[in-house]
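Encoded as structure tokens, the structure appears first; notes follow it.
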Amino acid sequence: MTGLIVVLVFLLGLTALVLGRTLYFAPPRGRAEAEFSGCGEAAPDALDRLSRAITFPTICAQDYTGTDFTPFDRFIAFLEEAYPLFHRTCEGERVNGYALVYRWKGSDPSLAPMMLTAHYDVVPVEAGTEAEWTHPGFSGARAEGRIWGRGTLDIKSQLTAHLEAAEALIREGFVPKRDFYFVYGQDEETGGRNGAYKAADYFAEKGIRFAGVLDEGGFVVSGVLKGIKTPLALIGVAEKGFCNYELTLEGEGGHSSMPPVHSALGYAAKLIAAIETHPLRSRLSLPAGLMLRNIAGEMGFMMRMAVANLWLFRPLLLWILGRNPVTNAMIRSTFAATMARASNAANVLPQRARAVINVRLLPGDSVAAVAEYFKKLGKGLPLSIRPLEAEEASPVSPAEGPLYDRITGLIGEIYPGALATPYLVMGGTDARKYYKVCDYVYRFTPVLVTNEEKNTVHGTNESISIVNYSRMIYFYRRLIGGFDGEAFPAMI
Ligand SMILES: [Zn+2]
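Going letter by letter, the sequence shown gives residues 44 to 535 in my numbering.
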């Protein structure tokens, strides 16, 4: 009897603790306030400049040396003509030919500089899909309240919005306290090795360290995570790494009429099956943990309870997150078998079978460690592994500090109903290259996009609403003007 009472008291106490923690952890916030209407629509000539920027097909070839740089040269000439005050005020430098570096000198040399960055290369319009575009992919057409074409969301718009903001501030006589650098890569879509990497080296050689770097990578989104209605402003504090592993399996060649039990291709299939059924253990990496804690108040009661009581529910929470591909990618390094090749003829046994596994690395997992893991899974098989292109996961930037606070402050102003949150970027951006010269690297573009709009990035009908572009200009104007408490002219 006493035993039963002890158990009951324990269970009651546990329930009270779990519920108490849940209720006090992150109460749901009030509903969205009125939409911000403070910035109005950008001037027609600013919209024209973005339209023109879109018309240059600045596409890097996979093999960089094969790139046609004529559109890049024309784009740079266009910038000089379109933003004359900016070019007169800022020192410009071209690093490795086409990476653009501009320095707007501040009045107080004792302050560490800030960097705003983007890339001006774009991906091509996929052959055969041209006719599916409402307005051609390099038209820059202004119609239906939008500007259309490659680079409107990824991400020439960010570059031109920076320059619109700076040009206007210069015209109004503004001078920042600290240096602002504007840095634009020319090959982000093909890996950034000739642009952002070289720019980062350039700064490192000069001994310049930044107080903050802001690149692309997260948007304000709604409806991306199930059950969360509040728009989330995703500020990328880290990005996953990636590696393509080539797996080669040896086998006996010869005629297929008298085959061994396993051909090289059979071995490859065995290994791929083992890899798919043995994912790496999930874990709450730092950025995913920060994000969950931050958005817990917007989630249903059960999820909130789990996040508020990780000491008890961590395994359950990881299990739930692991069941959905979107959230699964946040909590583990993912494996995707994407390519395979073996014999060239139906009746010839392959001497060699090759497969490629595309891996996205969570911060904390390394290219070498995953190769070891595959080796272990393939123990006993005639296997060799070669990492092809690889990029380690980035470090994690703190979700605090002057730049982070400035970004969240402006999000609160422009998107009063949205919740700003740290986030792990799944793809790769140029931002990772700048950890060499900065600890506070962020990825965020201040536009509110729907899921459909997000899917036009690298797809058909990439376009930006004029409302969004106007907000972008406003955001950078407010970010630069008054970063260090300067008095700057109010937005017209
Ligand atoms: Zn991009």
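Backbone N, C-alpha and C fix where the C-beta goes; we use that ideal spot for every residue, glycine too.
Being a predicted model, the structure only gives us computed values, none of them experimental.
Remark: C-beta atoms of Ser-440 and Val-280 approach each other more closely than 8 Å. In this structure, the straight-line span from the alpha carbon of Glu-210 to that of Met-342 is close to 42 Å. With a threshold of 16 other beta carbon atoms within 10 Å, Pro-127 falls short and is exposed. In the structure shown, Leu-154 falls within a coil segment according to DSSP collapsed to helix, strand and coil.
For Ser-508, the beta-bridge partners assigned by DSSP are Arg-189. Residue state for Asp-91 is assigned as helix, using DSSP reduced to three classes. Taking the Cβ of Glu-187 as the reference point, every heavy atom of ligand 1 lies at 7 Å or farther away. In this structure, Ala-155 sits away from Lys-479, with a CB-CB distance that is not shorter than 8 Å. When DSSP assignments are scanned along the stretch 271 to 313, the uninterrupted stretches of beta strand (DSSP E) that are 3 or more residues long and fall wholly within it turn out to be 275 to 282, 284 to 293.
Among the bridge pairs identified by DSSP, Trp-147 is matched with Phe-223.
In this structure, Glu-434 has its CB at a distance of at least 7 Å from all heavy atoms of ligand 1. If you check the C-beta of Asp-111 against ligand 1, you find no heavy atom less than 7 Å away. DSSP lists Leu-159, Tyr-485 as the beta-bridge partner residues of Leu-257. The alpha-carbon of Leu-405 is positioned some 9 Å away from that of Arg-326. Per DSSP, the continuous beta strand (DSSP E) segment holding Pro-430 begins and ends at 426 to 434.
Of Val-264, Cys-286, Tyr-466, the smallest CA-CA separation from Ala-331 is found for Tyr-466.
Burial state of Trp-362 is exposed, judged by a 10 Å Cβ sphere holding fewer than 16 other Cβ atoms.
Classified as buried, Lys-283 has 16 or more neighbouring CB atoms from the shown chains inside 10 Å of its CB.
Taking a C-beta distance under 8 Å as the contact criterion, Gln-229 and Asp-164 qualify as a contact pair. Contact between Ala-276 and Val-256 is ruled out by a C-beta separation of about 18 Å, above the 8 Å threshold.
Taking all protein chains in view, the Cβ of Gln-201 is crowded by 16 or more other Cβ atoms within 10 Å, so the residue is classified as buried. In the DSSP annotation of this structure, the continuous segment of the beta strand (DSSP E) that includes Ile-400 starts and ends at 395 to 404. In this chain, the alpha helix (DSSP H) harbouring Val-369 covers 368 to 374.
Relative to ligand 1, the beta carbon of Asp-197 is positioned inside 7 Å of a heavy atom. DSSP places Val-49 inside the alpha helix (DSSP H), whose first and last residues are 45 to 68.
Residue environment: Arg-384 is assigned as exposed (fewer than 16 neighbouring CB atoms within 10 Å of its CB, all protein chains considered). Ile-190 and His-162 do not touch by the CB rule: their CB atoms are close to 18 Å apart, not below 8 Å. Set against 7 Å, the gap from the CB of His-205 to the closest heavy atom of ligand 1 is not smaller. Under the DSSP assignment, Tyr-245 falls in the alpha helix (DSSP H) whose first and last residues are 239 to 249. Burial check for Thr-499: the Cβ neighbour count within 10 Å reaches 16 or more, so the residue is buried. Burial check for Ser-513: the Cβ neighbour count within 10 Å reaches 16 or more, so the residue is buried. Per DSSP, the continuous beta strand (DSSP E) segment holding Val-468 begins and ends at 462 to 468.
For Ala-204, the enclosing alpha helix (DSSP H) starts and ends at 199 to 214. Contact check for Glu-187 against Pro-179 fails: the beta carbons are separated by 8 Å or more. Sorting Ile-278, Ala-398, Tyr-141 by C-alpha distance to the C-alpha of Leu-333 places Ile-278 at the top. Taking all protein chains shown into account, Met-346 has 16 or more neighbouring C-beta atoms within 10 Å of its C-beta and is therefore buried.
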